[in-house]
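Chains A and B are the protein sequences, given in the same order.
So the first sequence is numbered by the working numbering: it starts at 859 and just counts up by one.
So the second sequence is numbered by the working numbering: it starts at 218 and just counts up by one.
Just so it is clear, CB atoms sit at the ideal spot from N, CA and C, and this is done for glycine as well.
A quick note: this is a predicted structure, and the numbers were derived from the prediction, not measured.
The structure under discussion appears below in the form of structure tokens.
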Amino acid sequence: MDQFDGKDIMEIMQEDLLRALKKPRKERRWAMAIDLKKCIGCHACTTGCMSENLTPPEIHYRPVKEEEIGEYPNTGMRFLPRPCFHCDSPTCTPVCPVTATYKRDDGLVVIDYKKCIGCRYCIVACPYGARSADSGHYFTGDFHEKTYEVENSGEYGGNFKRKSHWHSPIGNARKCHFCIHRVEKGELTRCTTTCLGNATFFGDINDPKALITKLISKPNVFRYKEELGTKPMVYYIT
Amino acid sequence: MKLFGVLIPEKEQLIGTVGDVIKGKAGLSLYASIFGLLIGLYAIGSIFIRGHAHTINTSSLVPWGLQISTYVYFALLSTGCTFVNFFGHVFFEKQYKPFASRIVFVGIITAVAAFFSLTTEMGHLERMYYFLLSPNPKSPMFWMAIWYTCYLIIITWEYVNIQTNRHSNRVMWAAFFIAVFTHSTLGSLLGSVSSRVYYYSALMPIYFLFIAFLTGCSLTTIIAAMTVKQKKLDENYHLHPFVTLLKVGLGLALLITFWRMMIGLSAHLEGSEVFSLTLINSVLFGIVVVIVIPYILLKIGQSANWLIFVGLFIMGTQLKARNDLVVGAFKIPVFRVYDMPEVVHYTPSIYENLVVVASASLVAMLYIVFERSGVFEARNIKEEH
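Below you can see the structure in the form of structure tokens.
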């Protein structure tokens, strides 16, 4: 069991989450930290995310990039999980012509599935490739019905069944939303709970007592493509 | 204001044209355009009924494909027509006048054809009303929609003025400036995307205007050459302005294409490899085939038939060039994982190609029907009296 100051980190994060939910939404700032030293590249987070959000083929909210580093004989593997970074200064929200994607007051960048016109401009604008176009493919083949693929994923707490290409989220842009449907019920994000190495941390960085706040205040932390000025809310610990 | 016979065909003339189509006397070009429109509509219907997954080859890696390229292409053709109308009226008034109504009319229908293609790319076209209910003034796409609406209104107004012999310089100037704003906004839609180095450039709005001028010149040259042949006008006198404008267009296109390529090649940013990856295509196709060869062709001859060929050559090559521009930005994935290729290749599906056919056929069919119904002659007959 992974511990921090003698306490199980999952328990700490759960307490942090419940404490954050007691605050008004605008006083929260959800963020994620991923410890790259602990990530073993098992893809449990990717798989957990897919089953949680019922994502179709070629849509991964949280893929894990695998890179070989160094030269023989001094080689190794590096794994970089990539959720949506929920940037503080996102490039995807200003381009949406109908305000279907926007930044909530708790810092989450979300998509209104009922409003998205499917122009894909946000997908083009995201520098991290974190957004995908749901064209309507199914794992189980074409035009399948009554399978888990057409069930309601519970994303954004809405009733979004992939019944046909007329029904959202087919035709929309899709991306990681920090499992907000779970978080608002007091459950940690699916990728946090499925991580075998306990490498993923989630919480409210406006809370000075939260575990994530303590972790990201160390010098061994970086944010991906920080030079772009997007201020990502996902921190990598090295 | 008289509508039939001035702005749209007389009922009798229109019935006559339809009758000719039924009797098999409508001519090959009209039948070809009707056939193109029908198979294009079949493809568009399939896209809407079967969905994107089963009909088009765009994906999360290549979010914009041939339909967006076609939209850009026709939008630029429309702008070009407005530019030629402006420069024609300002610098070559008498030589240009016989073609004015045709050119502005083609400007309108190419703008409509552009939207025709764009609609097939949208994931949820039925929600377009959110442009009004939930606008985002920060988005270049929102401004493009606003300007495009203004543009369609002003060029329709210009057409009405020309057809009713009440041409107004104010409206013409307004149409010119609104065209500049509209299509530079379209350029900014790509140019402001900082995550795609292939697009991200202050040159992009200017690039769009210069290319619009070239493509518009090529289309209007075809229209002018066909009209000259049909009405047996003096080729040298009436086609001279179009040849001059076409040469200017080629020069402007060379300037902007060359510098965009050179500046791109000098970049050391993530994604700028696209410029070196596409260098051979950019030089051999983007400059030699698209610009240098048409210039040489213009030097070889300037008869009406030859100019129709040169115009068609430029229009054909420009369609590929627009696709290269739109799709080029997606060649290198911004975050490569799993089995994503290092260089993404995109081939449009048959349905996507048929959307191009539908848009082109729509323009051709409407032009031929209006031409056969004598709408464009009405003004000239009036003038002679």
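Check, Outcome
"Which whole runs of the beta strand (DSSP E) in the region 1015-1089 of chain A are 3 residues long or more, in chain order?", "1058-1062"
"Just the Cα atoms here: how many angstroms apart are B/K490 and B/S405?", "In the sequence as displayed, the identity of residue 490 of chain B is Glu instead of Lys. In a straight line, the C-alpha of B/E490 is about 22 Å away from that of B/S405."
"Counting only C-beta atoms, is B/R539 closer than 8 Å to chain A at any point?", "no"
"In three-state DSSP terms, what is B/L420?", "helix"
"Taking the beta strand (DSSP E) that B/F304 falls in, what are its first and last residues?", "It is not in any beta strand (DSSP E) - B/F304 instead sits in the alpha helix (DSSP H) that spans L283 to F308."
"Classify B/W390 as buried or exposed, calling it buried when 16 or more other Cβ atoms lie within 10 Å of its own Cβ.", "exposed"
"Closer than 6 Å by C-beta to A/T1052: which residues in its own chain qualify, once you throw out the five before and the five after it? Chain order, please.", "A902, C903 and G906"
"Given 8 Å as the limit, is there contact between the region 950-966 of chain A and the region 344-361 of chain B, that is, 3 or more CB pairs closer than that?", "yes"
"When Cβ atoms are compared, which residues of the region 350-379 of chain B fall closer than 9 Å to chain A?", "L350, S351, P352, N353, K355, S356, P357, M358, F359, W360, M361 and A362"
"Out of B/F427, B/Q312 and B/D237, point me to the one whose CA is closest to B/R477's CA.", "B/F427"
"Using 8 Å as the cut-off, can you tell me whether the region 261-273 of chain B makes contact with the region 376-392 of chain B, which would need three or more C-beta pairs spanning the two stretches below that distance?", "no"
"Quick one: what's A/E926 bridged to in DSSP?", "A/M935"
"Which residues mark the beginning and the end of the alpha helix (DSSP H) in which B/M389 is found?", "N386 to G408"
"So the candidates are A/T1005, A/K1083, A/I1028 and A/D860; which of them puts its Cα closest to the Cα of A/H995?", "A/I1028"
"Take B/I440 and list the residues in its own chain whose beta-carbon comes closer than 7 Å to its own, dropping the five residues that flank it on each side.", "F316, R319, I320 and V323"
"Can you tell me which residues form a DSSP beta bridge with A/Y960?", "A/V968"
"Give me the Cα-Cα distance between B/I531 and A/P921, rounded to the nearest whole angstrom.", "44 Å"
"If we call anything under 8 Å between Cβ atoms a contact, is B/G488 one with B/R413?", "yes"
"What are the residues of the region 458-483 of chain B that lie near chain A, defined by any Cβ-Cβ distance shorter than 8 Å?", "none"
"Which residue from B/E310, B/T444 and B/R267 puts its Cα closest to that of B/T337?", "B/R267"
"Rounded to whole angstroms, what's the CA-CA distance from B/S499 to B/V506? Just pull it up for me.", "10 Å"
"From B/K446 to B/S520, what does the alpha carbon distance come to, in whole angstroms?", "10 Å"
"Taking the CB atoms as reference points, tell me whether B/A330 and B/F291 lie closer together than 8 Å.", "yes"
"Once DSSP output is grouped into helix, strand and coil, what is the label at A/M871?", "helix"
"What does B/D541 pair with, by DSSP beta-bridge criteria?", "Looking at the DSSP assignment, B/D541 forms no beta bridge with any residue, so it has no partner."
"Within 10 angstroms of the Cβ of B/L245, are there 16 or more other Cβ atoms? Answer buried if so, exposed if not.", "exposed"
"Which one of B/K355, B/V397, B/S385 and B/N353 has the shortest CA to CA distance from B/W364?", "B/V397"
"Just grab the DSSP bridge partners of A/I975 for me.", "The partner list for A/I975 (beta bridge, DSSP) is empty, contrary to what the question assumes."
"Quick one: Cα of B/P352 to Cα of B/F359, how far?", "7 Å"
"Hey, out of B/E559, B/L463, B/I395 and B/Y368, whose CA is closest to B/A328's CA?", "B/Y368"
"Comparing the C-beta of B/F332 with each C-beta of chain A, is any distance below 8 Å?", "no"
"Go ahead and pull the three-state DSSP assignment for B/S356.", "coil"
"Is B/G503 buried or exposed, if buried means 16 or more other CB atoms sit within 10 Å of its CB?", "buried"
"Tell me where the alpha helix (DSSP H) around A/D817 begins and ends.", "Outside the shown range of chain A, which is 859 to 1096, sits residue 817 of chain A, and nothing can be said about it."
"On the DSSP letters alone, give me the boundaries of the beta strand (DSSP E) that B/V491 sits inside.", "Looking at the DSSP string, B/V491 is not in any beta strand (DSSP E); the run it does join, the alpha helix (DSSP H), is E490 to L494."
"The region 983-1017 of chain A: which residues have C-beta closer than 7 Å to a C-beta of chain B, in chain order?", "A983, C984, P985, Y986, G987, S990, A991, S993, G994, H995 and D1000"
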